[in-house]
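These notes are about the structure you will find just below.
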Amino acid sequence: MDRRIQKSKQAIMEAFMTLVLKKNLENITIGEIAEKANVNRGTIYLHFTDKYDLRDKCLDYYLTQLTETCIQEHKAEKLATKSSLARVFEHLEANYKFYSSMLSNKESPVFRKRMKEIFKDGLINRLDLSEKKAKKEISVEFLVSAGVGVLEWWIYNSMPYPKSIIVEELWQLFNSIECNSL
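FYI, my numbering numbers position 53 of the sequence shown as 85, with every residue one higher than the one before it.
As structure tokens, this is what we get:
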């Protein structure tokens, strides 16, 4: 990709995120994004259909970073290790403003759904329950909902505990569940 195109796209995404931190998506205009990014409106439409597409691309960007740097590094293992769980929280902490903005406004359901999809994809093939399909599906849904719920809670409450404590507690909870094949 041409560096100028990449630079414009990044400026647009950063401008969007700055605005989302200040107000709800419904109240943000393409003109405001363009002004903040120092590009014209047409440049935004070259890369994004509308502000909702821009939101989705921002989500994809950050969640792809999350999966590539934190989760998929241990593909050979049945489930993320404690150290990969720690990297998830390191990523969340490093990108706190983004995740906080996604959770603190009406974008929360969209964010939550995408986050659950990522965790479910990462977990479903690694969870080896030889019993019934229903048990595997229920176990996956439970673990994903619990994990994403803790992530949301931690971000939404301004990281009330250090990531090391959250990782340790979450890891113990996951291990206490009768899923010996994790």
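Built from N, CA and C at the ideal position, the CB exists for glycine as well.
query	result
F174 classed as buried or exposed, judged by whether at least 16 other C-beta atoms fall within 10 angstroms	exposed
Reduced DSSP category for I220 - H, G, I as helix; E, B as strand; rest coil	The question about residue 220 has no answer here: the residues shown for the chain are numbered 33 through 214.
K41 to I76 span [Cα, whole Å]	8 Å
Span of the alpha helix (DSSP H) around F80	First-last for F80: undefined, no H or E at that position.
Residues near G179 by beta carbon distance below 8 Å, same chain, minus five either side	F151, L202 and F206
Residue of S116, S208, N56 and I187 minimising C-alpha distance to Y84	N56
Contact under 8 Å by Cβ, L91 with F48	no
Alpha-carbon to alpha-carbon, I44 and E64	10 Å
CB contact flag (R73, I60, <8 Å)	no
Straight-line gap, V52 to K89 (C-alpha atoms, nearest Å)	14 Å
Selection from P141, I187, K165 and T96 that minimises the alpha carbon distance to K129	I187
Simplified DSSP state of Y84, which is helix, strand or coil	helix
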